[in-house]
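Report on the structure given below.
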């Protein structure tokens, strides 16, 4: 009786160990990517001028983005990043200046006003301790006035679960895009434009599984 | 008792009669990242004619302004401004007042060379609203013709300017309302134009203005004050949205001295912003009584640009003066300024002032129209 009871205990322990091992193996397998979307994010810019006291600031709160997010051994992986800011939503607080900006900076030679667009195939976010912000180095292509140029930015990501906030600073040179520095009544902007992005991303749906594990 | 009554009447009268806004610099432009007056005004202190860029901004911020087309550069920049102000006040103690104050100003800046220029502002006005003197400050008589500004400017480079002549002294938040309690540092109010030499030293994140001054010539005998001071401000976080500054003034005159220390801030957030200043002045007088006393003046303005051309403000302020000129006034004001075109601005304001010692309430309503020529 005593020995049969001992055998039962051993069997239960073996089953528990198997189940635990199976669960651990499942947790180590690549998860299905999640579709993450950004609506109403903020994209702002600041550019100095030849007059020390004058800088031009502007922003849009219509940043839209979509990407796939998954976790793997590298950390958090962002894939298929597509972001856009409609030029018409960019404002500096002064209507006349906004008109000039759209006309002289963002309008193509054929009169089009294409959105600002950013795309990146893949970005990896460094692993982080729970509750600590993570840094995602995102490099891709930023198109201004329809002209794509390489662009990279480090996004500081906080939060977790299905919602996280990302903030990052970058810079572009107008000359890289073939854009003349705007000038108005003796005040001329610098070539470098500082950019800042601040948005909250939310997981919308699970993407179709791509890991092959069903 | 008699002293207190005189002081109360004088301060209330001054507040009513001096509610005059000569459409000087607009510190509310901090909302768009304009950290100092030199962005748009030829004079770094603000006021006076606009520079070419400033005229463009003036047009852009007007209801019907549109695109500004600059005329070819000339050595002469000048305009004529007409201010008409109608103000009614209904104090709970004392008689109702109704004041119409027209002022005609001619403003001129003449460029002599790349480094030198001269500037002047001359005002013509009626005599029907003389400014009563405060108990502790000299009386100021209105003048049919007054030279507000007569300066020689030397600008060796873009960041430094030296100016010599007569003008109002540099002030902190630089609101245009000369009736604001913080403007009590201008002892002669609108007619405060001491002879002075001042240096404007500007960089991207800071602005320093040391100055020394002597009597302007229109002060009563014994009130001819000489002194010096400085204004220093810094863009606190480097984004052209938050300017903090300090002012100090020390002046001596036969009948009394003063030492002022003030702190101020200008904050701008696109459509709205805040202007704030707090000044503490330690004063001594030998007339009408020998006394040392402290005067504090506080100002807070919350403004909101409903449209680019339409700015509404809520303003609160306080003035406290120690014995023997004991006074405690608080006031609230709501103001709407409409820039209809670069040539025309309308301002409507309603204000209520409470004398905390006597309980006297002074509600008032002001309508002001300002017109100017644009070269």
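Residue numbers (this note's numbering), protein chains in the order written: chain A, 1 to 214; chain B, 1001 to 1375. Yeah, the Cβ is synthetic: ideal placement off N, Cα and C, and Gly gets one too.
Cβ-Cβ separation, residue j to residue i (assumed contact under 8 Å), whole Å
i, j, result
"residue 1211 (chain B)", "residue 1162 (chain B)", "Not confirmed; about 10 Å, so no contact."
"residue 96 (chain A)", "residue 1060 (chain B)", "4 Å"
"residue 1366 (chain B)", "residue 1353 (chain B)", "Rounded, the Cβ-Cβ distance is 13 Å, inconsistent with contact."
"residue 1109 (chain B)", "residue 1048 (chain B)", "7 Å"
"residue 121 (chain A)", "residue 79 (chain A)", "7 Å"
"residue 1107 (chain B)", "residue 1081 (chain B)", "7 Å"
"residue 92 (chain A)", "residue 56 (chain A)", "6 Å"
"residue 60 (chain A)", "residue 43 (chain A)", "5 Å"
Residues near residue i in its chain [Cβ-Cβ closer than 8 Å; skip 5 each side]
i, result
"residue 214 (chain A)", "Low local confidence applies: a pLDDT of 34 at residue 214 (chain A) is under 50, so the model's placement there is unreliable, with the coordinate-based value given in what follows. Closer than 8 Å at Cβ, skipping near neighbours: no residue."
"residue 1203 (chain B)", "1159"
"residue 1195 (chain B)", "1165, 1166, 1213, 1214, 1215, 1216 and 1217"
"residue 1307 (chain B)", "1063"
"residue 151 (chain A)", "118, 139, 140, 141, 142, 170 and 172"
"residue 998 (chain B)", "Any answer about residue 998 (chain B) is impossible in this case: the structure gives chain B only from 1001 up to 1375."
Interface flag, residue i vs chain A, CB-CB below 9 Å
i, result
"residue 1279 (chain B)", "no"
"residue 1023 (chain B)", "Bear in mind that a pLDDT of 46 at residue 1023 (chain B), under 50, signals an unreliable position, so the model cannot answer this."
"residue 1233 (chain B)", "no"
"residue 1372 (chain B)", "no"
"residue 1207 (chain B)", "yes"
"residue 1031 (chain B)", "yes"
"residue 1313 (chain B)", "no"
"residue 1251 (chain B)", "no"
"residue 1115 (chain B)", "no"
"residue 1239 (chain B)", "yes"
"residue 1308 (chain B)", "yes"
"residue 1001 (chain B)", "Because the pLDDT of residue 1001 (chain B) is 44, which lies under 50, any placement of that residue in the model is unreliable, and the number read from its coordinates should be weighed accordingly. So, not an interface residue."
"residue 1035 (chain B)", "yes"
"residue 1271 (chain B)", "yes"
CB contact check: residue i to chain C, cutoff 9 Å
i, result
"residue 90 (chain A)", "Here chain C cannot be found, since the structure's protein chains are A and B."
Residue range of the unbroken alpha helix (DSSP H) whose run includes residue i
i, result
"residue 178 (chain A)", "No alpha helix (DSSP H) contains residue 178 (chain A), which DSSP labels as neither H nor E."
"residue 1052 (chain B)", "1052-1060"
Same chain only: Cβ atoms within 6 Å of residue i, ignoring 5 sequence neighbours per side
i, result
"residue 1281 (chain B)", "1258, 1260 and 1295"
"residue 159 (chain A)", "165"
"residue 62 (chain A)", "86 and 89"
"residue 1096 (chain B)", "1090"
"residue 66 (chain A)", "37 and 82"
"residue 1267 (chain B)", "1242, 1273 and 1274"
"residue 1278 (chain B)", "1263 and 1298"
"residue 1200 (chain B)", "1044, 1161 and 1209"
"residue 237 (chain A)", "No answer is possible for residue 237 (chain A): it lies beyond the span of chain A, which begins at 1 and ends at 214."
Residue i at chain B interface by Cβ criterion, 9 Å
i, result
"residue 48 (chain A)", "yes"
"residue 56 (chain A)", "yes"
"residue 208 (chain A)", "Unreliable positioning characterises residue 208 (chain A) in this predicted model, as indicated by a pLDDT of 48, which lies under 50. The coordinate reading is nonetheless provided below. Residue 208 (chain A) does not count as touching chain B."
"residue 171 (chain A)", "no"
"residue 167 (chain A)", "no"
"residue 53 (chain A)", "yes"
"residue 214 (chain A)", "With a pLDDT of 34 at residue 214 (chain A), under the threshold of 50, the modelled position of that residue is not reliable, and the figure given next carries that caveat. Residue 214 (chain A) does not count as touching chain B."
"residue 61 (chain A)", "no"
Span of the beta strand (DSSP E) around residue i
i, result
"residue 97 (chain A)", "Here residue 97 (chain A) belongs to no beta strand (DSSP E); instead the alpha helix (DSSP H) covers 95-101."
"residue 1307 (chain B)", "1291-1307"
"residue 1207 (chain B)", "1206-1214"
"residue 57 (chain A)", "55-72"
"residue 50 (chain A)", "Element bounds for residue 50 (chain A): n/a, residue is neither H nor E."
"residue 1078 (chain B)", "1076-1089"
"residue 1253 (chain B)", "1242-1253"
"residue 1320 (chain B)", "1310-1321"
"residue 1198 (chain B)", "1195-1202"
"residue 139 (chain A)", "134-144"
"residue 1041 (chain B)", "Note, residue 1041 (chain B): premise wrong, no beta strand (DSSP E); not H, not E."
"residue 169 (chain A)", "163-173"
"residue 1231 (chain B)", "1226-1235"
"residue 1372 (chain B)", "1361-1372"
"residue 120 (chain A)", "116-125"
"residue 1282 (chain B)", "1272-1285"
Cβ-based neighbour list, residue i, same chain, cut-off 7 Å, excluding 5 preceding and 5 following
i, result
"residue 74 (chain A)", "124"
"residue 177 (chain A)", "144, 145, 147 and 149"
"residue 1138 (chain B)", "1187, 1188, 1219, 1220 and 1223"
"residue 54 (chain A)", "187"
Review point. Of the residues that make up the segment 1065-1088 of chain B, which ones have a beta carbon closer than 9 Å to any beta carbon in chain A?
Key: 1065, 1066, 1067, 1068 and 1070
Check your understanding: For the segment 176-206 of chain A, which residues have a CB atom closer than 9 Å to at least one CB atom of chain B, in sequence order?
Key -> 184, 185, 186 and 187
Exercise for review: Identify each residue in the segment 72-97 of chain A for which the Cβ-Cβ distance to at least one residue of chain B is less than 7 Å, and report them in chain order.
Suggested key: 93, 94, 95, 96 and 97
Review point. Quick one, which residues of the segment 1188-1212 of chain B are near chain A if we go by CB-CB under 7 Å, in chain order?
Key: 1202, 1203 and 1204
Check your understanding: For the segment 1038-1060 of chain B, which residues have a CB atom closer than 7 Å to at least one CB atom of chain A, in sequence order?
Key -> 1038, 1039, 1052, 1053, 1056 and 1060
Practice item. Residues of the segment 1157-1178 of chain B with a CB closer than 9 Å to any CB of chain A: list them in chain order, please. Key: 1158 and 1159
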